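Asker: Under the numbering used here, the first residue of the sequence shown is numbered 849, with each subsequent residue one higher. We put the CB at the ideal spot given by N, CA and C, even for glycine. Owing to the predicted nature of the structure, the values given are computational and were not obtained by experimental measurement. Let me begin by handing over the structure; questions about it come next.
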Amino acid sequence: MTYNILHKLDARRAKFFSYSQPANLQSETRLARVRDELRDLQPHVACLQEVERESLSHLTSQLECDAYACAASLFNDKSGVSDGCALLYKKSILEVVRTHAFHFASLVDDFFPNQKAARDH
Numbered sequence: 849m850t851y852n853i854l855h856k857l858d859a860r861r862a863k864f865f866s867y868s869q870p871a872n873l874q875s876e877t878r879l880a881r882v883r884d885e886l887r888d889l890q891p892h893v894a895c896l897q898e899v900e901r902e903s904l905s906h907l908t909s910q911l912e913c914d915a916y917a918c919a920a921s922l923f924n925d926k927s928g929v930s931d932g933c934a935l936l937y938k939k940s941i942l943e944v945v946r947t948h949a950f951h952f953a954s955l956v957d958d959f960f961p962n963q964k965a966a967r968d969h
């Protein structure tokens with residue numbers, strides 16, 4: 849399962865989400881819904897995007913009794929926004945053998961060293 853948590857700063861830009869009820873843009877509401885969906889669907893693995901450290905800590909503490917743990921997380925602190933991705937897994941079914949974290953943008957440099965990334969233009 850994958851879920852975009854929606855960073856707090858983005859959620860405050862309600863004009864971009866005119867189709868959504870204002871209450872649904874509140875951090876507490878979004879996190880509670882993600883938590884409830886994880887509990888209902890019971891995925892073995894969940895990828896969270898645009899998650900903040902505070903939100904991840906809140907979710908993992910609430911989901912600990914449901915046997916979820918965080919296998920890996922990576923945050924982008926350079927932008928000043930400090931959001932990132934996290935992988936949660938069901939401890940009763942899976943175990944973490946090894947992790948490798950990387951920034952997606954660095955893949956362009958690794959695989960196409962002579963190309964400028966879109967972020968460089």
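(1) Do A894 and L873 count as a contact pair if the criterion is CB distance below 8 Å?
(2) In the DSSP output, what is K938 paired with across the bridge?
(3) May I have the straight-line CA-CA distance separating P870 from L854, to the nearest angstrom?
(4) Counting beta carbon pairs with one atom in the segment 914-922 and one in the segment 938-954, are three or more of them shorter than 8 Å?
(5) Quick one: is D931 buried, meaning 16 or more other Cβ sit within 10 Å of its Cβ, or exposed?
(6) Whose C-alpha, out of A919, L907, P961, Y851, is nearest the C-alpha of H948?
(7) According to DSSP, simplified to helix, strand and coil, what is L896?
(8) Buried or exposed for V945, going by 16 or more other Cβ atoms inside 10 Å?
(9) My assumption, with CB atoms under 8 Å, is that S905 sits in contact with S875. Please give the rounded CB distance.
(10) Taking 7 Å as the line, does the beta carbon of Q874 fall inside it for any heavy atom of the ligand COA?
Answerer: Let me lay it out:
(1) The count along the sequence shown starts at 1 and reaches residue 873 at position 25. The count along the sequence shown starts at 1 and reaches residue 894 at position 46. It is not a contact, given that the beta carbons lie outside the stated cut-off.
(2) Numbered from 1 along the sequence shown, position 90 holds the residue referred to as residue 938. Beta-bridge pairing links K938 to Y916.
(3) For the purposes of this step, residue 870 is taken as the residue at position 22 of the sequence shown. For the purposes of this step, residue 854 is taken as the residue at position 6 of the sequence shown. Rounded to the nearest angstrom, the two C-alpha atoms are 14 Å apart.
(4) The segment 938-954 vs the segment 914-922: in contact.
(5) Position 83 of the sequence shown, counted from the start, is the residue given in the question as residue 931. By the 10 Å Cβ count, D931 comes out buried.
(6) In the sequence shown, residue 948 corresponds to position 100, counting from 1. Checked all of A919, L907, P961, Y851; the closest Cα to H948 is A919.
(7) Walking along the sequence shown from the start, residue 896 turns up at place 48. DSSP places L896 in strand when its eight states are reduced to three.
(8) Along the sequence shown, read from residue 1 onward, the residue named residue 945 stands at position 97. Classification for V945: exposed.
(9) Along the sequence shown, one-based indexing puts residue 905 at 57. Along the sequence shown, one-based indexing puts residue 875 at 27. The pair is not a contact, with the Cβ atoms about 13 Å apart (cut-off 8 Å).
(10) Only the bare structure without any ligand can be found here, which leaves the ligand COA out of the picture.
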